[in-house]
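Each remark here refers to the structure printed beneath this line.
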Amino acid sequence: MHAELIMLGGAEEIGANSCYIELDGTGIIIDGGLHPRDRTSRAFPDVDILGERPTDALLVTHAHSDHIGGVPYVMRRLPHLRPIMTFATRDLSHIVLQNGGRLLRNDLGASFPKEWLSFYQREEIEALRYAFEALRYDEPLTLRGYSGRSDVEVTFHWSGHILGSASVSLKCRGLSILHTADVMMADQVVVPKANLPRHHVDVLITESTNAATESVPDFPSEAKRLAAFINTIAARNGSVLMPCFALGKLQEMIPLLYNLMRKGSIPHLPIYTGGIGVRINKVYDQYCYSDPMRRPGFEVSDVPQVRLRRDELLHGDYFKEPSIVLAPSGMMNQGTMSFALARQWFTKKEFGIAFIGYQDPTTPGYGLLNSEKKKPFDFGGTRCSRVCDVERFRFSGHASREHLLELATDIRPKTVVVAHGDVHACELLAAEINARLPGTRIIIPRHGASYSLR
Ligand SMILES: [Zn+2]
Ligand SMILES: [Zn+2]
Numbered sequence: 058m059h060a061e062l063i064m065l066g067g068a069e070e071i072g073a074n075s076c077y078i079e080l081d082g083t084g085i086i087i088d089g090g091l092h093p094r095d096r097t098s099r100a101f102p103d104v105d106i107l108g109e110r111p112t113d114a115l116l117v118t119h120a121h122s123d124h125i126g127g128v129p130y131v132m133r134r135l136p137h138l139r140p141i142m143t144f145a146t147r148d149l150s151h152i153v154l155q156n157g158g159r160l161l162r163n164d165l166g167a168s169f170p171k172e173w174l175s176f177y178q179r180e181e182i183e184a185l186r187y188a189f190e191a192l193r194y195d196e197p198l199t200l201r202g203y204s205g206r207s208d209v210e211v212t213f214h215w216s217g218h219i220l221g222s223a224s225v226s227l228k229c230r231g232l233s234i235l236h237t238a239d240v241m242m243a244d245q246v247v248v249p250k251a252n253l254p255r256h257h258v259d260v261l262i263t264e265s266t267n268a269a270t271e272s273v274p275d276f277p278s279e280a281k282r283l284a285a286f287i288n289t290i291a292a293r294n295g296s297v298l299m300p301c302f303a304l305g306k307l308q309e310m311i312p313l314l315y316n317l318m319r320k321g322s323i324p325h326l327p328i329y330t331g332g333i334g335v336r337i338n339k340v341y342d343q344y345c346y347s348d349p350m351r352r353p354g355f356e357v358s359d360v361p362q363v364r365l366r367r368d369e370l371l372h373g374d375y376f377k378e379p380s381i382v383l384a385p386s387g388m389m390n391q392g393t394m395s396f397a398l399a400r401q402w403f404t405k406k407e408f409g410i411a412f413i414g415y416q417d418p419t420t421p422g423y424g425l426l427n428s429e430k431k432k433p434f435d436f437g438g439t440r441c442s443r444v445c446d447v448e449r450f451r452f453s454g455h456a457s458r459e460h461l462l463e464l465a466t467d468i469r470p471k472t473v474v475v476a477h478g479d480v481h482a483c484e485l486l487a488a489e490i491n492a493r494l495p496g497t498r499i500i501i502p503r504h505g506a507s508y509s510l511r
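Count along the sequence shown starting at 1, add 57, and that's the number in our numbering.
Structure below.
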């Protein structure tokens, strides 16, 4: 039988994540991401590589932009694809795609052909949503493409990353494949750890985001450090700014802060939230009984929050009384609320900024995180200096290297494919798997190259 893998994006990086797998004549694309930074032709999955190969289904593992943001593009290029995702991902998709579309239309008018950007018009995205098929966790679906010679069984498993996130297993004529996608194997605050099959599979395709990080702290120990930081700032009448990703991180941080307040670990301060995150909270709440949750029935919107208003952003009450402000974007990209607020925070020595997620080296957040008090640094193209405190915390929604290795050791695959991490992370994970499971074939796939999975 024929079994082939080609990375269309996200090889040796976290980019326009997308991979193509052909199983006996049925062509399946897993994810259609938008590159977080690159705005050249590599912004979208490279579907041109596929040539005359069969393309039948597009499985979307979750609604983060680096996995779903290129779907309108992929669907326009290959309109016959069957787009399949979980129910929650389908509900999150249009919020994320509409937001992404707005940014793309604003930023990319110059570097993209107009025709490409037309995929991201409001009406087009709204129409696309009705084409999306939803599939429940752990309920297998049988696919056979137009030129398929055998059935392919597709199953989504809860991957513990964000609401709606899934790992994917594929089975075809005795060959089994598990694609972890973005996976988290420890409990977060709202969502529980992944629930993946632990029996043998032939091919494991694994992410490696955290594989180069020596130790990834757990949520409770980071929460303690965060509480100490908030207490220091609040004691001197300052406010804390937390730049925050709108999907996943915000929904985890709101109850984390609220729990700290209820336990008396930090004072009861107003929590400000804004942007598309508030709409995403409501989707989390809709699924609070039906999807995997640590406390079924808990609603993020039940935690008291004050709305961050864009038109009054620089005059909010958080400048007058100690508060916690959760503002997008997580990396303080230019033009976002966290970017605008940070510049005010810089001037106030009582105030503090708490970074809680990854900062890409090209972003304003990275410049700020690595800056020193009263020393000039680059913040989105302007020289700034700050007197406020800055501290870094790690609340990662990705599995640690040790957890990824445990998975590999449990399922003892014949072949491991390492992706969704930088070159260093991919190589480190590959070397560790090689040490624990000698004889395993390990592939760090290159963009566009073809690999047999037999
Ligand atoms: Zn993700
Ligand atoms: Zn990702």
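Just so it is clear, CB atoms sit at the ideal spot from N, CA and C, and this is done for glycine as well.
| Asked | Found |
| --- | --- |
| Where D113 sits in the DSSP three-state scheme | coil |
| Stretch-stretch touch, CB-based, cutoff 8 Å, three pairs: the segment 267-279 with the segment 422-432 | no |
| Boundaries (first-last residue) of the beta strand (DSSP E) holding S509 | 507-509 |
| Spatial distance of R364 from C441 (CA atoms) | 28 Å |
| Beta-carbon separation (whole angstroms), A191 vs T237, contact threshold 8 Å | In fact, because the Cβ distance is near 21 Å, the residues do not count as touching under 8 Å. |
| Cβ shell of S507 (< 7 Å), same chain only, five flanking positions each side left out | E61, I63 |
| Runs of beta strand (DSSP E) lying entirely within the segment 126-166, each at least 3 residues, in chain order | 139-142 |
| Per-residue DSSP class, three states only, for S395 | helix |
| Contact check, E448 vs G409, beta carbons under 8 Å | yes |
| Chain C contact for E429 (CB, 8 Å cutoff) | The displayed structure is made up of one protein chain only, and chain C is not part of it. |
| Beta-bridge partners of V382, as assigned by DSSP | L298, Y329 |
| Where the beta strand (DSSP E) through T212 begins and ends | 209-215 |
| Cut-off 7 Å between Cβ atoms - residues of its own chain near F396, not counting five sequence neighbours on either side | M389, N390, P421, G437 |
| Nearest-angstrom beta carbon gap, A145 and Y512 [assumed within contact, 8 Å] | The shown model of the chain, from 58 to 511, leaves out residue 512, and the question about it has no answer. |
| Opposing strand residues paired with E448 [DSSP bridges] | A411 |
| Check: D239 C-beta below 7 Å from any heavy atom of ligand 1 | yes |
| Backbone secondary structure at M58 - three-state DSSP | coil |
| The segment 317-330 contacting the segment 280-291, beta-carbon criterion three pairs below 8 Å | yes |
| A269, DSSP secondary structure in three states | coil |
| Per-residue burial, H92 [other beta carbons within 10 Å of its own, 16 or more giving buried] | buried |
| Which residues DSSP lists as bridging V260, in chain order | I234, T472 |
| Continuous alpha helix (DSSP H) stretch holding T289: start and end | 276-292 |
| Unbroken alpha helix (DSSP H) run spanning A223, endpoints | Note, A223: premise wrong, no alpha helix (DSSP H); beta strand (DSSP E) at 223-229. |
| Pairwise C-alpha distance: S380 and R293 | 12 Å |
| Stretch pair the segment 227-235 + the segment 128-135: three plus CB contacts closer than 8 Å | no |
| Inter-residue Cα distance where the pair is P197 and I85 | 15 Å |
| Cα-Cα separation, V246 to E309 | 6 Å |
| C-alpha gap between I333 and H121, whole angstroms | 13 Å |
| For A100 and A268, the rounded distance between their alpha carbons | 24 Å |
| Contact belief for G127 with D95 at Cβ below 8 Å, rounded distance in angstroms | Going by Cβ atoms, the distance from G127 to D95 rounds to 11 Å, so no, they are not a contact pair. |
| From H460, L494, R458, residue whose alpha carbon lies closest to that of V473 | L494 |
| Residue interval of the alpha helix (DSSP H) (run including Y2) | Within the shown structure, residues of the chain are numbered from 58 to 511, placing residue 2 beyond reach of any answer. |
| Nearest-angstrom Cα separation, counted from A184 out to Q155 | 12 Å |
| Assigned exposure category for A488 - 16 Cβ within 10 Å defines buried | exposed |
| Cβ neighbour criterion (16 or more within 10 Å) applied to M58 | exposed |
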